[in-house]
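Everything below concerns the one structure shown next.
Protein chains: 2
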Amino acid sequence: MLDGLRIVLVEDDEIMGGSLLQRLELEGAQVVWFKQMHRALGAIRTPQRTIDAVICDIALPDGNGEELYNTLCQTATPPPFLFITGQGGIEQAVRLIKSGAVDYITKPFDMGAFLKRLSMLVIPAETPDFPPVLGVSSAARQVEKLVARAASSDEPVLVRGGPGLGKDLIARRIHDLSDRCAAPFTAVNLAREEDPDSAIFGAGGAFDLAGDGTVFLNGIGRLDRPVQDRLTEAFETRRAARVIAACGHDLEALIEAGQFSSELFYRVAQVEIMVPPLGARPEDAVWLLEQLFKKLAPQRAAGLEGISPLCLAAARDHDWPGGGREVRARLVRGLARAAGNVLQPSDLFPESLAAPHDQMSLAEARDAAEKTQIIAALDRTGGQIGEAAKLLRIARTTLWEKMQKFGLS
Amino acid sequence: MLDGLRIVLVEDDEIMGGSLLQRLELEGAQVVWFKQMHRALGAIRTPQRTIDAVICDIALPDGNGEELYNTLCQTATPPPFLFITGQGGIEQAVRLIKSGAVDYITKPFDMGAFLKRLSMLVIPAETPDFPPVLGVSSAARQVEKLVARAASSDEPVLVRGGPGLGKDLIARRIHDLSDRCAAPFTAVNLAREEDPDSAIFGAGGAFDLAGDGTVFLNGIGRLDRPVQDRLTEAFETRRAARVIAACGHDLEALIEAGQFSSELFYRVAQVEIMVPPLGARPEDAVWLLEQLFKKLAPQRAAGLEGISPLCLAAARDHDWPGGGREVRARLVRGLARAAGNVLQPSDLFPESLAAPHDQMSLAEARDAAEKTQIIAALDRTGGQIGEAAKLLRIARTTLWEKMQKFGLS
DNA sequence: AGCCCATGTTCGGATTTCCGAACACCATAA
DNA sequence: TTATGGTGTTCGGAAATCCGAACATGGGCT
Numbered sequence: 001m002l003d004g005l006r007i008v009l010v011e012d013d014e015i016m017g018g019s020l021l022q023r024l025e026l027e028g029a030q031v032v033w034f035k036q037m038h039r040a041l042g043a044i045r046t047p048q049r050t051i052d053a054v055i056c057d058i059a060l061p062d063g064n065g066e067e068l069y070n071t072l073c074q075t076a077t078p079p080p081f082l083f084i085t086g087q088g089g090i091e092q093a094v095r096l097i098k099s100g101a102v103d104y105i106t107k108p109f110d111m112g113a114f115l116k117r118l119s120m121l122v123i124p125a126e127t128p129d130f131p132p133v134l135g136v137s138s139a140a141r142q143v144e145k146l147v148a149r150a151a152s153s154d155e156p157v158l159v160r161g162g163p164g165l166g167k168d169l170i171a172r173r174i175h176d177l178s179d180r181c182a183a184p185f186t187a188v189n190l191a192r193e194e195d196p197d198s199a200i201f202g203a204g205g206a207f208d209l210a211g212d213g214t215v216f217l218n219g220i221g222r223l224d225r226p227v228q229d230r231l232t233e234a235f236e237t238r239r240a241a242r243v244i245a246a247c248g249h250d251l252e253a254l255i256e257a258g259q260f261s262s263e264l265f266y267r268v269a270q271v272e273i274m275v276p277p278l279g280a281r282p283e284d285a286v287w288l289l290e291q292l293f294k295k296l297a298p299q300r301a302a303g304l305e306g307i308s309p310l311c312l313a314a315a316r317d318h319d320w321p322g323g324g325r326e327v328r329a330r331l332v333r334g335l336a337r338a339a340g341n342v343l344q345p346s347d348l349f350p351e352s353l354a355a356p357h358d359q360m361s362l363a364e365a366r367d368a369a370e371k372t373q374i375i376a377a378l379d380r381t382g383g384q385i386g387e388a389a390k391l392l393r394i395a396r397t398t399l400w401e402k403m404q405k406f407g408l409s
Numbered sequence: 410m411l412d413g414l415r416i417v418l419v420e421d422d423e424i425m426g427g428s429l430l431q432r433l434e435l436e437g438a439q440v441v442w443f444k445q446m447h448r449a450l451g452a453i454r455t456p457q458r459t460i461d462a463v464i465c466d467i468a469l470p471d472g473n474g475e476e477l478y479n480t481l482c483q484t485a486t487p488p489p490f491l492f493i494t495g496q497g498g499i500e501q502a503v504r505l506i507k508s509g510a511v512d513y514i515t516k517p518f519d520m521g522a523f524l525k526r527l528s529m530l531v532i533p534a535e536t537p538d539f540p541p542v543l544g545v546s547s548a549a550r551q552v553e554k555l556v557a558r559a560a561s562s563d564e565p566v567l568v569r570g571g572p573g574l575g576k577d578l579i580a581r582r583i584h585d586l587s588d589r590c591a592a593p594f595t596a597v598n599l600a601r602e603e604d605p606d607s608a609i610f611g612a613g614g615a616f617d618l619a620g621d622g623t624v625f626l627n628g629i630g631r632l633d634r635p636v637q638d639r640l641t642e643a644f645e646t647r648r649a650a651r652v653i654a655a656c657g658h659d660l661e662a663l664i665e666a667g668q669f670s671s672e673l674f675y676r677v678a679q680v681e682i683m684v685p686p687l688g689a690r691p692e693d694a695v696w697l698l699e700q701l702f703k704k705l706a707p708q709r710a711a712g713l714e715g716i717s718p719l720c721l722a723a724a725r726d727h728d729w730p731g732g733g734r735e736v737r738a739r740l741v742r743g744l745a746r747a748a749g750n751v752l753q754p755s756d757l758f759p760e761s762l763a764a765p766h767d768q769m770s771l772a773e774a775r776d777a778a779e780k781t782q783i784i785a786a787l788d789r790t791g792g793q794i795g796e797a798a799k800l801l802r803i804a805r806t807t808l809w810e811k812m813q814k815f816g817l818s
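So this is what it looks like as structure tokens:
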């Protein structure tokens, strides 16, 4: 009935929680049970994998379910919430449902009916019709949607994003999903190409080989003006092939500086797909890490059985400025250096060992972070303490105290 | 408070209905009272004029309010429904709210609070003589008064305010309310114009086309001195057209710096209308958001039923430096990314979800530092919690708590 | 079994931190 | 001149955090 669904249960009552847990697992769901609000908060906010539903009691020892839901809404799009409660008020029910909660049920309730409602409500949300290539985060899903939409159109596409985010994969995927999928797909990496002009337009070049397929131009910002103009012209003469281009975030700056033709930009950016950086979607980072591990570990490090949870946590925290490429590089290096039977954080991030942060006590580390953050905030506001305090979300007086403590004034 | 609102009251109890009727009419609403379901059904389905809200009892002699609502839903989109009931059930409340009712209140209730919620929830559909273009706040009303006064005079007007506050709408409105409304209204956006001089004075330019109508000069601060002088001169020679100008807040600075003619300033600022920033009048921000939602949601996001109260609260808090333009842009983006059936805060403010390295709150920065430090310590001790705690100079239990908080286990 | 040791977990109180109110002070704008 | 708005500073209570004690658990060792 609920096979494979990942459900979070938040319930402090042992009996109630136990029976729910049992029943849900019987139905095939993977359930994680929290008895306190703050624990559930952390787990839902940074989930190991996407959560399909949250079943949440209202009365909790360290808060209430409403609070939990509201807090989540501030920073993220929460998964579907079903509230169950013993002392429910109509007022509260109305408020929660209007805030987007999926259901609100009073105890005691009929378990069979409850499960039926649950399966009705939750299942349609999750239908992965094809294996995810970019990631599992909601942001990645968003991009996939855009990709699908781009595939069904026939306009030129501009894919934008930092390095190592799979812009080439996206282009390939658009081609494969489009009705040109039977025709050739040719890619040119402008950053590597010696002679871009001939690689694109020459005999045996991209357009030549593509026929009425798709031409993918990676790093379009590197083109010099003459080739840009030829490309613009190519659009006008209606080449047979469809064009997908990719570039980093700096194209506007290039246009501003007059190094990139704004006309070409508008031609090629009929559809624009922005790929958010990997650091902004930690779920994808760990997902990718696990995927690559599965693929690479058997050959390269036969002894390794898995990745330690700590290591995954560290990966979730890391910024990954190099995108997927960095994930792969670090993993390869880590696999070579791993000693035990699981991959440790120091394998993936050896530089953190040498860091001076090492044997600092927690309080010191915390203070150091506070200090730099405060300095940054004060810098941003030009020394305006009140404003800086607002930025840091603390009271003005508290900031003043801290400044005194750190000797800033 | 409820001036001009058309409200349908469905209530069989004489006392209750009478007191509600009395009170609502006291507040300025036009109320029609039905005591039976089938009568109300007919009246709502084929209304004389648009109905702003329905206040509906559940228990009725010939049926119940839910039935009434559902019947209406099948044939049309009903006006906002507020249910009031004596023997309400949570089950029922949840069902009704999920199917789109605006509120569900149990008797007895506090009349004052009820009226407040009513006025908050219900937005006047159309007030034909006076559709508010700027907002509903007292500040916006103030501006409207100034607009009306400006329209009745014939002096040049200077409209001032940040971007996206509808300065163009104000100019248009002054024109439409003035006795030049039959003559042409021509607008020039000086920020976009290549050749301001000819766009204003040239053949086919604003003055030429306006005749004895109104000329609107947006972004007057961008004019260079020669054109300023020509404009000043135009005032002296008494052109036929009336001039309305608009600019940001920086005009005084320009005058100070000698880049703007103070004489022209005094000429054009005979009447000065200051539009306060949207961040200073939160009611208008949410009002505008709701207006735009009503207009845009049906086309762009058919599944969406409304805006979550949390989201409205977030909108009320936001600064809206981009004015109405920002409201619109954020809404459009949010509609595209919304997942559930209501718009969530993270849809409208995705940057709070993935702030690219920007300004973290102090607590976040501190937590991040703690987390990495803890991971490093645990890594060093090979996962030995007690040892790691000693390294970090905190109690074992404290470390355990933190590990829970950060989801490490 | 019996013991040892580390962990998982709760609890109550000690301590620290945080906040808001309040007041004095000093610019600067009206 | 008077408002106004930001800052420096103090203070008391509220809230969080931290800690140690305590107890159960469970795995490894003899």
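So the protein sequences, as listed, match chains A and B.
Okay, so the first sequence: first residue is 1 according to the numbering used here, each after it adds one.
Okay, so the second sequence: first residue is 410 according to the numbering used here, each after it adds one.
Even for Gly, the Cβ is constructed at its ideal location relative to N, Cα and C.
Since this is a predicted model, take the numbers as computed values, not measurements.
Check	Outcome
Identified DSSP bridge partners for A/R6	A/Q30
Cβ distance (whole Å) where A/L9 is taken to contact A/G17 below 8 Å	6 Å
Distance, A/M274 Cα to B/P765 Cα	In this predicted model, B/P765 has a pLDDT of only 44, less than 50, meaning its place in the structure is not dependable enough to derive any value.
CB contact below 9 Å: B/Y513 versus chain A	yes
Beta-carbon proximity of A/S138 to A/T77, cut-off 9 Å	yes
Euclidean distance between Cα positions of A/L408 and B/K811	29 Å
Chain-ordered chain B contacts of A/I394 [CB-CB under 7 Å]	L771
Spatial neighbours of A/M111 in its chain, beta-carbon cut-off 7 Å, leaving aside the 5 residues before and after	R23
Closer than 9 Å to chain A by CB, B/D422	no
Cross-chain neighbours of A/P309 in chain B, by beta carbon under 8 Å	L817 and S818
Identified DSSP bridge partners for A/N218	A/N189 and A/A246
Three or more C-beta pairs below 8 Å linking the segment 490-504 of chain B and the segment 90-102 of chain A	yes
Neighbour-count burial assignment, B/A694, 16 or more Cβ in a 10 Å radius	buried
Cβ separation of A/T85 and A/A101, assumed to be a contact under 8 Å, to the nearest whole Å	Their Cβ separation, rounded to whole angstroms, is 12 Å, which puts A/T85 and A/A101 out of contact at 8 Å.
Proximal residues to B/G630 (C-beta, below 7 Å), its chain only, five neighbours per side dropped	C656, G657, D659, L660, L663 and F669
Beta-carbon contacts of B/R634 that lie in its chain and below 8 Å, excluding the five residues immediately before and after	Q668 and S670
Closest Cα partner of B/P565 within the set B/F610, B/P517 and B/A678	B/A678
B/D788 - containing alpha helix (DSSP H), residue span	L771 to R789
Reduced DSSP secondary structure (H/G/I, E/B, other) of B/P537	With a pLDDT of 39 at B/P537, under the threshold of 50, the modelled position of that residue is not reliable, and no figure is offered here.
Check whether A/A481 and A/N218 have beta carbons under 9 Å apart	As displayed, chain A neither begins before 1 nor continues past 409, which places residue 481 of chain A out of reach and without an answer.
Delimiting residues of the beta strand (DSSP E) encompassing B/V680	V680 to M683
Chain B contact for A/H175 (CB, 9 Å cutoff)	no
Cα-Cα separation between A/F130 and A/I170, rounded to whole angstroms	Low confidence applies to A/F130: its pLDDT is 49, below 50, so where it sits in the model is not reliable enough to give any reading.
Short Cβ contact (9 Å threshold) for A/I307 with A/V271	no
Where A/I385 sits in the DSSP three-state scheme	helix
Proximal residues to A/F406 (C-beta, below 8 Å), its chain only, five neighbours per side dropped	D367, E370, K371 and I374
Residues near A/I430 by beta carbon distance below 7 Å, same chain, minus five either side	Beyond the ends of chain A as shown, which are 1 and 409, falls residue 430 of chain A; an answer cannot be given.
CB contact below 9 Å: B/F539 versus chain A	With a pLDDT of 41 at B/F539, under the threshold of 50, the modelled position of this residue cannot be trusted; read the value that follows with caution. Chain A contact via Cβ: absent.
Limits of the unbroken alpha helix (DSSP H) element including A/C463	What the structure shows of chain A is the stretch from 1 to 409, and residue 463 of chain A is not part of that stretch, so it cannot be assessed.
A/S153 to A/L177 span [Cα, whole Å]	10 Å
Cα-Cα separation, A/A39 to B/A462	For clarity, residue 39 of chain A is Arg in the given sequence; the question names Ala instead. Computed Cα separation, rounded: 43 Å.
Contact set between A/R39 and chain B, taken where Cβ atoms lie within less than 9 Å	Q813, K814 and G816
Beta-carbon proximity list for B/L430, same chain, < 8 Å, skipping 5 on both sides	L418, V440 and W442
For B/N473, three-class secondary structure by DSSP	strand
Option nearest B/G573 by Cα separation, candidates B/R648, B/P470 and B/R737	B/R737
Counterpart residues of A/L158 in DSSP-defined beta bridges	A/A245 and A/E272
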